[in-house]
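K.L.:
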Amino acid sequence: MNLRTFRGRSMAEALAEVKKGLGKDAVILHTRTYRVGAVMGMGGKEVIEITASDAPAARGPRLRDPRPLARVAAPAAPRFVADPVHRAPPEPIDQFIQSPRQAAPKSPANPPAASNAAPANEPARATPARPASLAVRVTPSPVDSKATDDLRQELASIKRLMGQVLQCSRQAVRTITPASGASGVANLGGMPEHLFTLYLRLQDQGVSAEIAETIAASVRDDLTRDEMEDPAIVRQGVLRRVAEQIRVIGTVGRVGPREDARPLTIALVGPTGVGKTTTLAKLAAAYKLRQGKSVGLVTADTYRIAAVDQLRTYANIIGLPIKVAMTPGELAAACESFRDVDVILVDTAGRSQQDRSRLSELQAFVQAANPHETHLALSATASENVLNDAASRFSVLKPDRVVFTKLDEAVGLGTLVNVLHASSMSISYVTTGQEVPDQIELASADRLARAVLDGGITR
Ligand SMILES: Nc1nc2c(ncn2[C@@H]2O[C@H](COP(=O)(O)OP(=O)(O)O)[C@@H](O)[C@H]2O)c(=O)[nH]1
Ligand SMILES: [Mg+2]
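Residues in the sequence shown are numbered consecutively from 206, following our numbering.
1. Would you mind working out which of I549, R446, G497 and I438 sits nearest A466, comparing C-alpha positions?
2. Does the beta-carbon of G497 have 16 or more other beta-carbons within 10 angstroms, so that it is buried, or is it exposed?
3. To the nearest angstrom, how far is the alpha carbon of T236 from that of H577?
4. Would you call the stretch 506-514 in contact with the stretch 610-619, where contact means no fewer than 3 C-beta pairs closer than 8 angstroms?
5. N623 and I416 - do their beta-carbons sit closer together than 8 angstroms?
6. Just checking E646 against ligand 1 - is the residue's beta carbon closer than 7 angstroms to any of the ligand's heavy atoms?
7. Less than 7 angstroms between the CB of V607 and some heavy atom of ligand 1, yes or no?
8. Kindly indicate which three-state DSSP category S645 falls into: helix, strand or coil?
9. DSSP puts L583 in a beta bridge; with which residues?
10. Does the distance from the C-beta atom of A505 to that of T579 stay below 8 angstroms?
11. Looking at T637 and V608, is the spacing between their C-beta atoms short of 8 angstroms?
12. Do K611 and P442 count as a contact pair if the criterion is CB distance below 8 angstroms?
13. With a threshold of 7 angstroms, establish whether the CB of D613 neighbours any heavy atom of ligand 1.
14. Assuming contact is defined by CB atoms lying nearer than 8 angstroms, are Q410 and L658 in contact in what I supplied?
15. Whole angstroms is fine: what's the gap from N603's alpha carbon to T553's?
16. Less than 8 angstroms separating the beta-carbons of P476 and R556?
17. Considering only DSSP beta bridges, list what S631 is partnered with.
18. Which residues in the same chain have their Cβ closer than 7 angstroms to the Cβ of K250, if we skip the five residues on either side of it in sequence?
19. Have a look at L407 and R212 and give me their C-alpha separation to the nearest angstrom.
20. E543 and P468 look like a contact to me (Cβ under 8 angstroms); what is the Cβ gap, rounded to whole Å?
21. Can you list, in chain order, the stretches of the alpha helix (DSSP H) that have 4 or more residues and sit fully within the stretch 401-453?
22. Exposed or buried, which one is Y508 when buried takes at least 16 other CB atoms within 10 Å?
23. If we ignore side chains and look at the alpha-carbon of each, how far apart do N593 and S628 end up?
24. With 16 as the cutoff for other CB atoms within 10 Å, does A352 come out buried or exposed?
25. For my contact list, V601 and Q644 are in at a C-beta cut-off of 8 angstroms; report their separation, rounded to the angstrom.
26. Where does the unbroken alpha helix (DSSP H) through A490 begin, and where does it stop?
27. Quick check: does the Cβ of G617 come within less than 7 angstroms of any heavy atom belonging to ligand 2?
28. Indicate the three-state DSSP secondary structure (helix, strand or coil) for V657 in the structure shown.
29. Consult DSSP for V529 and reduce its assignment to one of helix, strand or coil.
30. Figure out for me which residue from D354, T429, D355 and M367 has the closest Cα to the Cα of E218.
31. Hey, would you say the C-beta of G661 is under 7 angstroms away from at least one heavy atom of ligand 1?
32. Hey, would you say V500 sits closer than 8 angstroms to A489, going by beta carbons?
33. Tell me whether T518, by its Cβ, gets closer than 7 angstroms to a heavy atom of ligand 2.
34. Note the first and the last residue of the continuous beta strand (DSSP E) segment covering I471.
35. Let's test the definition: count the other Cβ atoms within 10 Å of the Cβ of S649 and tell me whether it reaches 16, buried, or not, exposed.
36. Look at F599 and L625 and say whether their C-beta atoms are less than 8 angstroms apart.
Given below as structure tokens:
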């Protein structure tokens with residue numbers, strides 16, 4: 206028996222290696238994903254490893270298609286796919302802030318809008334998975350040319366291989382959690398082809414296997430057999446269920462009389478370099494230039510002169526007063542001096558989430574500002590581990606919402622879904638570029654669901 210291990214930067218690449226190395230009789234025995242080149246758990250590249258054998262006696266289903274993968278290139282790294290159907294331009298920011306459609310009745314707790322409330326943990330289906338039915342049914346369709354036919358068969362072959370891989374991972378999950386049996390694994394038996402394709406795409410974009418399975422199982426329940434044959438309907442079904450996983454905040458940026466008679470006070474906190482100051486400038490410009498509100502800027506980021514200058518430059522261009530606060534006391538005084546404006550925007554120093562003493566110092570500043578909204582800015586380009594770690598450590602500042610920045614640079618937005626799933630926060634805004642004031646949007650679950658499925662936000 207020839208037992209070999211193959212690696213690739215993506216599942217498709219690793220599968221191509223398996224097929225090249227062991228041919229049509231390859232049997233996949235095990236898969237795993239790990240990172241190489243990571244420093245202290247950060248960064249590095251993901252590697253997919255597949256252990257396979259050419260022995261007929263080995264367990265696991267056989268590859269049925271003997272054709273080589275030569276003409277099917279491994280897919281390129283996910284990029285921003287612009288689906289023409291969804292290339293509707295984003296609404297301008299003035300419609301996002303205080304949008305009547307989005308603005309929910311005043312609520313101290315600011316609960317997420319019902320339509321976007323995540324089904325906290327969608328109950329896993331009780332029926333055990335049926336591995337045998339995981340194989341994808343590929344219905345041959347009439348072809349116009351031999352080349353097209355060949356291509357279809359190659360794709361079908363990749364799907365079959367993926368079916369094996371999924372079967373392996375499900376078996377592994379059952380092995381790891383025998384007590385719960387299959388209850389932790391959604392029943393995906395007999396997944397129809399179009400759904401299966403989108404299920405794989407979700408995982409390609411970084412959505413965790415657990416969440417992708419929950420989504421796929423729900424869609425299979427939602428649709429009839431006939432509907433499952435229509436790729437557009439299946440896509441809509443998947444988008445609806447992905448959107449359910451994306452909590453967006455219902456009330457954001459509401460300017461107006463408040464019980465405490467203070468101006469709406471918004472603070473941005475987060476790690477260094479994620480885009481807090483840029484985002485703050487975008488919000489300032491939107492309030493002042495688009496909504497005609499009076500705005501006061503306060504920066505507590507005095508660790509770098511450049512940071513103060515950066516906000517001061519924006520303040521000068523937009524025509525806004527700015528105050529610099531060296532201490533929490535000065536910050537409270539600065540906010541008090543702005544008591545007659547509509548909105549106070551507070552910029553804070555970036556903090557490494559590893560630096561606890563600096564975090565508690567920052568906490569004193571945030572408490573002094575006593576903001577109505579504390580947005581945690583997180584870069585969508587960061588790894589899931591880093592994002593979860595930042596969300597956990599910055600929780601001492603009690604952020605009640607998250608701004609995901611740099612969506613334009615992120616490769617695969619599935620991480621956002623996973624991070625939201627693991628935290629209790631909802632998204633307020635997303636930013637999509639460096640340009641002030643345009644590249645910011647009020648988070649929309651539907652639009653973000655499309656971005657997750659299609660591999661990037663469309664402009
Ligand atoms: N591509 C991209 N870059 C951004 C975005 N927001 C901010 N940046 C850039 O990120 C860098 C750090 O931004 P800054 O606002 O100074 O981050 P801060 O340290 O958190 O205040 C700057 O070069 C910004 O232009 C965004 O949405 N997309
Ligand atoms: Mg800054």
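Every residue gets a Cβ at the ideal spot worked out from N, C-alpha and C, and that includes glycine. Just so you know, these numbers come straight off a predicted model, no measurement behind them.
P.N.:
The structure says:
1. Locating residue 466 in the sequence shown gives position 261, where the first residue counts as 1. Residue I549 is the option with its Cα nearest to A466.
2. On the sequence shown, position 292 is the one that residue 497 refers to. Burial state of G497 is exposed, judged by a 10 Å Cβ sphere holding fewer than 16 other Cβ atoms.
3. The sequence position of residue 236 within the sequence shown is 31, counting from 1. The sequence position of residue 577 within the sequence shown is 372, counting from 1. Between T236 and H577, the C-alpha separation is close to 47 angstroms.
4. Counting Cβ pairs under 8 angstroms, fewer than three are found: no touch.
5. Reading the sequence shown from its first residue, position 211 is the one you call residue 416. Reading the sequence shown from its first residue, position 418 is the one you call residue 623. Contact: yes.
6. Mapped onto the sequence shown, residue 646 falls at position 441. Checking every heavy atom of ligand 1 against the Cβ of E646, none is found closer than 7 angstroms.
7. What you label residue 607 is simply residue 402 of the sequence shown in a count that begins at 1. V607 Cβ: outside cutoff for every heavy atom of ligand 1.
8. Locating residue 645 in the sequence shown gives position 440, counting from the first residue. A quick correction: the sequence has Ile, not Ser, at residue 645. I645: strand per DSSP, three-state reduction.
9. Taking the sequence shown and counting its residues from 1, the one referred to as residue 583 is at position 378. Its beta-bridge partners are F609.
10. Along the sequence shown, read from residue 1 onward, the residue named residue 505 stands at position 300. Along the sequence shown, read from residue 1 onward, the residue named residue 579 stands at position 374. No; because the gap between Cβ atoms is not below 8 angstroms, this pair is not in contact.
11. Position 403 of the sequence shown, counted from the start, is the residue given in the question as residue 608. Position 432 of the sequence shown, counted from the start, is the residue given in the question as residue 637. Not in contact: V608 and T637 (Cβ atoms no closer than 8 angstroms).
12. Stepping through the sequence shown from its first residue, residue 442 is reached at position 237. Stepping through the sequence shown from its first residue, residue 611 is reached at position 406. Here residue 442 turns out to be Gly, not Pro, going by the sequence shown. Contact flag unset, no.
13. Numbered from 1 along the sequence shown, position 408 holds the residue referred to as residue 613. Distances taken from the Cβ of D613 to the heavy atoms of ligand 1 include one shorter than 7 angstroms.
14. What you label residue 410 is simply residue 205 of the sequence shown in a count that begins at 1. What you label residue 658 is simply residue 453 of the sequence shown in a count that begins at 1. Between Q410 and L658, the CB-CB gap stays under 8 angstroms.
15. The residue given as residue 603 occupies position 398 in the sequence shown. The residue given as residue 553 occupies position 348 in the sequence shown. In the sequence as displayed, the identity of residue 603 is Lys instead of Asn. If you take the alpha carbons of K603 and T553, they lie about 14 angstroms apart.
16. What you label residue 476 is simply residue 271 of the sequence shown in a count that begins at 1. What you label residue 556 is simply residue 351 of the sequence shown in a count that begins at 1. Closer than 8 angstroms, so yes.
17. Mapped onto the sequence shown, residue 631 falls at position 426. Paired residues: R606.
18. Sequence index remark: in the sequence shown, residue 250 carries index 45 (1-based). When the five nearest sequence neighbours on each side are left out, the beta carbons in the same chain lying within less than 7 angstroms of the beta carbon of K250 are those of R214, R240, V241 and G242, in order along the chain.
19. Translated into positions along the sequence shown, residue 407 becomes position 202. Translated into positions along the sequence shown, residue 212 becomes position 7. Roughly 21 angstroms between the two C-alpha positions.
20. Translated into positions along the sequence shown, residue 543 becomes position 338. Translated into positions along the sequence shown, residue 468 becomes position 263. Here residue 543 is Phe; the residue named in the question, Glu, does not match the sequence. The beta-carbon separation of F543 and P468, rounded to 6 angstroms, stays under the 8 angstroms limit for a contact.
21. Those alpha helix (DSSP H) runs which fall completely within the stretch 401-453 and span 4+ residues are 414-427, 430-433 and 436-450.
22. Within the sequence shown, the letter at position 303 stands for residue 508. By the neighbour-count criterion, in which a residue is buried when 16 or more other Cβ atoms sit within 10 angstroms of its Cβ, Y508 is exposed.
23. Within the sequence shown, the letter at position 388 stands for residue 593. Within the sequence shown, the letter at position 423 stands for residue 628. Between N593 and S628, the C-alpha separation is close to 8 angstroms.
24. Here residue 352 refers to the residue found at position 147 when the sequence shown is read from its first residue. It counts as exposed.
25. The residue you call residue 601 lines up with position 396 of the sequence shown. The residue you call residue 644 lines up with position 439 of the sequence shown. The pair is not a contact, with the Cβ atoms about 30 angstroms apart (cut-off 8 angstroms).
26. Along the sequence shown, read from residue 1 onward, the residue named residue 490 stands at position 285. Start and end: K481 to A490.
27. Here the question's residue 617 lines up with position 412 in the sequence shown. No, Cβ of G617 sits at least 7 angstroms from all heavy atoms of ligand 2.
28. Taking the first residue of the sequence shown as 1, we reach residue 657 at position 452. Note: V657 maps to helix in three-state DSSP.
29. Position 324 of the sequence shown holds residue 529. Three-state result, V529: strand.
30. In the sequence shown, the residue the question calls residue 218 occupies position 13. Checked all of D354, T429, D355 and M367; the closest Cα to E218 is M367.
31. What you label residue 661 is simply residue 456 of the sequence shown in a count that begins at 1. The answer is no for G661.
32. As a first step, residue 500 is located in the sequence shown; it is residue number 295 there, counting from the start. As a first step, residue 489 is located in the sequence shown; it is residue number 284 there, counting from the start. By the CB criterion at 8 angstroms, V500 and A489 fall inside the cutoff.
33. Locating residue 518 in the sequence shown gives position 313, counting from the first residue. Not so, every heavy atom of ligand 2 lies at least 7 angstroms from the Cβ.
34. Here residue 471 corresponds to residue number 266 of the sequence shown, with the count starting at 1. First-last of the beta strand (DSSP E) with I471: L469 to V474.
35. As a first step, residue 649 must be located in the sequence shown, where it is residue number 444. Residue environment for S649: buried (at least 16 other C-beta atoms within 10 angstroms of its C-beta).
36. Within the sequence shown, the letter at position 394 stands for residue 599. Within the sequence shown, the letter at position 420 stands for residue 625. In this structure, L625 does not lie closer than 8 angstroms to F599 by Cβ.
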